[in-house]
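Asks: For what it's worth, full-length UniProt numbering labels the leading residue of the sequence shown as 1, then goes sequentially.
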Amino acid sequence: MKYQEKYNFSIHNKEQFWAEQANKIAWFKKPETILSQDEDGFYRWFKGGKLNTSYLALDFHVENGRGEQDALIYDSPATNSVKKYTFRELRDAVAKLAGGLKSLGVEKGDTVVIYMPMVPEAAMAMLACARLGAIHSVVFGGFAPHELAIRIDDAKPKIIISASCGIEFDKVIPYKPLLDHAIEMAEFKPNYAVILQRPQAEASMKEGHDIDFIELQNNAEPADCVEVDATDPLYILYTSGTTGKPKGIVRDNGGHAVAMHYSMQDIYNVQTGNVFWAASDIGWVVGHSYIIYAPLIYGCTTVFFEGKPIRTPDAGTFWRVIADHKVNCFFTAPTAFRAIRKEDPEVELMKKYDLSSLKSIFVAGERCDPSTLLWLKDISKLPVIDHWWQTETGWGIVANMMGVEAFPVKVGSATKPVCGFELKILNEAGEELKANEEGFICIKLPMAPGCLPTLWNDDTRFKESYLSTFEGYYLTGDGGYIDEEGYVYVMGRIDDVINVAGHRLSTGEMEEIIASHPAVAECAVVGIADELRGQRPIGFIVLKDGQTIDEDNLEKETIALIRDQIGAVAFYRNTILVKRLPKTRSGKILRKVIRQLSDAVPFTIPSTIDDPIILDEIKQRLIERKIGKVAN
Ligand code: COA
Ligand code: AMP
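1. Given 8 Å as the limit, tell me if P309 has its C-beta closer than that to any heavy atom belonging to the ligand COA.
2. Measuring CB atoms only, is the region 89-104 touching the region 205-218, in the sense that at least three cross pairs come out at less than 8 Å?
3. Just how far apart, CA to CA, sit L234 and A130?
4. Counting along the chain, where does the beta strand (DSSP E) carrying H136 start and finish?
5. Is it right to say S607 is buried, meaning 16 or more other beta carbons lie within 10 angstroms of its own, or is it exposed?
6. What separation, rounded to the nearest whole angstrom, lies between the Cα atoms of I152 and Y298?
7. Quick one, which of A568, I514, K556 has its alpha-carbon nearest residue 642's?
8. Using 8 Å as the cut-off, can you tell me whether the region 239-256 makes contact with the region 370-383, which would need three or more C-beta pairs spanning the two stretches below that distance?
9. When the Cα atoms are used, what is the spatial distance from A122 to I114?
10. Please state the DSSP three-state secondary structure of Q535.
11. Specify, as a first and last residue, the run of the beta strand (DSSP E) that I236 falls within.
12. Taking only the alpha-carbon atoms, compute the straight-line gap between T86 and E215 and give it to the nearest angstrom.
13. Say the cut is 8 Å; is the CB of W456 nearer than that to a heavy atom of the ligand AMP?
14. Can you tell me where the alpha helix (DSSP H) with Q4 in it begins and where it stops?
15. Please list, in chain order, all residues of the same chain as L445 whose beta carbon is under 7 Å from its beta carbon, the five residues on each side excluded.
16. Report the rounded CA-to-CA distance for E392 versus Q547, giving the unit in angstroms.
17. Regarding R338 and the ligand COA, is the C-beta to nearest heavy atom distance less than 8 Å?
18. Using C-beta distances below 7 Å, list every residue in its chain close to G99, excluding the 5 sequence neighbours before and after it, in chain order.
19. Of the choices P157, G166, Y175, whose alpha-carbon is the least far from that of F188?
20. Identify, in the order they occur along the chain, each residue of the same chain with its Cβ nearer than 8 Å to the Cβ of E432, setting aside the five sequence neighbours on each side.
21. Can you list, in chain order, the residues of its chain with a C-beta nearer than 8 Å to that of E32? Leave out the 5 residues immediately preceding and following it.
22. Mind reading off the beta-carbon distance from L376 to V411? Whole number of angstroms is fine, and I expect it under 8 Å.
23. Going straight from the alpha carbon of T53 to that of K30, what length do you get?
24. Give me, in chain order, the residues of the same chain whose beta-carbon lies closer than 6 Å to that of I549; leave out the 5 immediate sequence neighbours on both sides.
25. Which residues in the same chain have their Cβ closer than 6 Å to the Cβ of A19, if we skip the five residues on either side of it in sequence?
26. Determine the extent of the alpha helix (DSSP H) in which W319 is found, giving its start and end residues.
27. Go through its chain and collect everything with a Cβ distance to Y3's Cβ below 8 Å, but skip five positions before and after it.
28. Classify M1 as buried or exposed, calling it buried when 16 or more other Cβ atoms lie within 10 Å of its own Cβ.
29. Check the C-beta distance from I73 over to F304 and give it rounded, since I have them as a contact under 8 Å.
30. Can you tell which of R573, R533, L467 has its C-alpha closest to the C-alpha of D552?
31. So V497 and G480 are supposed to be a Cβ contact under 8 Å. How far apart are they, rounded?
32. Counting Cβ pairs closer than 8 Å, one from the region 534-541 and one from the region 273-288, do we hit at least three?
33. Mind checking which residues open and close the alpha helix (DSSP H) that includes E511?
34. Taking just the CA atoms, how far does F318 sit from L467?
35. Given 8 Å as the limit, tell me if T242 has its C-beta closer than that to any heavy atom belonging to the ligand COA.
36. What does the alpha-carbon distance come out to for the pair V593 and K206?
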């Protein structure tokens, strides 16, 4: 079936379409209803269905003749090692770890926080939770203790699983002190911390509280898969919203498993048994969906990479891994390719590898700039597919569906809506816009399976953030347009969320942190264009009356605050002192205008601006400090 026909069917015969997809996974009990609404009116997929996600990812394959196929290949230039696990080996390791967790009291419905670097034990921890019907919440290893503490307080985990250290290029980062600090800061106290000791930096353990991961796993009785409802949560993944409190995105078991399976077939066009590699981190949604769940559920081998696109040891690492493990489909963030291109523009390092296994390259996580996309297409001679999605959806909303019909790529567009997602571009009044008119990208409810049913313990915020702006629609938070051929162009966030090296961060949160500095009267943090990272945050600060701190010191202190409270990943490097901030007459800070001015993109001065002269001061200060495109 060609795209248009299949897509139309998925929209007009939603239940039939998804019932057919649901038939492709092994339920313990098939769902009673395909689509329903719960008591709050939220849509739920596959109610009455019983399954276990860890079973689908592991045991199912062992029982169906794939036990000796590699399930996970851990390739770690960070530690100079490669280790392979077959489906049987991974299933056994996960079952034993699950047994260990069970012995610590973890049961169906409990939450477990996982704060780990890219080691295979992190994958085991996620799958072990899923096996027990416990809800995992992975926190990105690059987040500072303060961020971890916020998540501990919200998720209230019975236990935390972590490792003694992570490795960033040649830097060994001890995790245990960060973990201890976070637990100290959090009001909620988990019962135990299960720690994987890594030889690069062993952690000191607290008797009675800290448990050795390997000992726990080795000494445990294997645990069986616990049957859960399709609508039970599989995991919570916190993502940045517009305030300091991250949003706990909930993922259910049934809709997620069906969506993961379907996406491998129709978006990524891979076959069971293929090798799939998503170079990301388990701390992000790409890591959840395409390092762990989708490839394993689909019976693919997943590559689990602990390294960077460059300097581990060089910009040829990605090509080396693709050749060594005969990767068929590769997925990463555009930033990674920008980093490679900067170091090795002529891809000299690529030439020594046999990349004949590779059939396609997918990018997502941030807008892919046309120059990177064209370069990648040119050097790889392969389809390069930009696709758009977010933590909330868990999988692609717009893509070139390679398993259905490959469309010619239009640079700057993620191509067409994925089956099951009905997109509309709305204006502020909620009216549908015509082709090529830019507005709010919205998804008509119900969304496809796999998308968030709600926020963890916060139905009200779920409604307010996503459902209440336009009745009957989910607000994606991105702006863009659809052209006359149905290609979707995602132009960027319409809120205070920015994307730094593929990491989603909140400028609102950074403002809250900076505002805690005693000298600061008010501030605005905006994401300006950055050649490597796509965007990076900079802060504009107005001092309180009588404060005399100079710009250099204020910059150092605010950098330290952000680093300490969010983490180095925020990549906050510049603070600029200004006398006033540009505002509307009603007092709203015009952040978008500051960003446009910094990026030297043409803009119209809003008619509501209080005093346009302030913009000249901002421009002057950026030029003096040589910051932003406006200074070039
Ligand atoms: N744990 C601890 N610290 C981390 C971290 C982690 N997992 N990830 C990043 N950091 C730290 C870095 O060490 C760096 O610290 P420093 O300021 O002390 O040097 C800081 O955060 C900034 O990191 P980053 O912006 O990543 O810069 P970088 O120079 O270390 O690396 C790239 C640049 C492009 C190589 C890297 O950003 C990259 O690989 N990007 C791809 C991102 C990606 O895959 N995203 C997933 C979404 S799909
Ligand atoms: P995250 O939730 O971390 O996956 O970030 C989601 C946000 O990243 C989206 O709302 C977009 O703003 C941006 N994003 C992700 N993929 C793309 C893409 N292919 N094109 C443009 N923006 C993207």
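C-beta: ideal position from N, C-alpha, C; glycine also.
Replies: The relevant details are as follows:
1. yes
2. yes
3. 6 Å
4. 135-138
5. exposed
6. 32 Å
7. Outside the displayed range of the chain (1 to 632) lies residue 642, so it cannot be described from this structure.
8. no
9. 7 Å
10. strand
11. 233-239
12. 22 Å
13. no
14. 3-12
15. Y43, G472, Y473, Y474
16. 42 Å
17. yes
18. A220, E221, P222, A223
19. P157
20. K424, I425, L426
21. K47, G48, G49
22. L376 to V411, Cβ: 11 Å. No contact.
23. 14 Å
24. A519
25. I34
26. 317-325
27. M401, V404, E405, F407, K416
28. exposed
29. 7 Å
30. R573
31. The pair is not a contact, with the Cβ atoms about 15 Å apart (cut-off 8 Å).
32. no
33. 507-514
34. 40 Å
35. no
36. 51 Å
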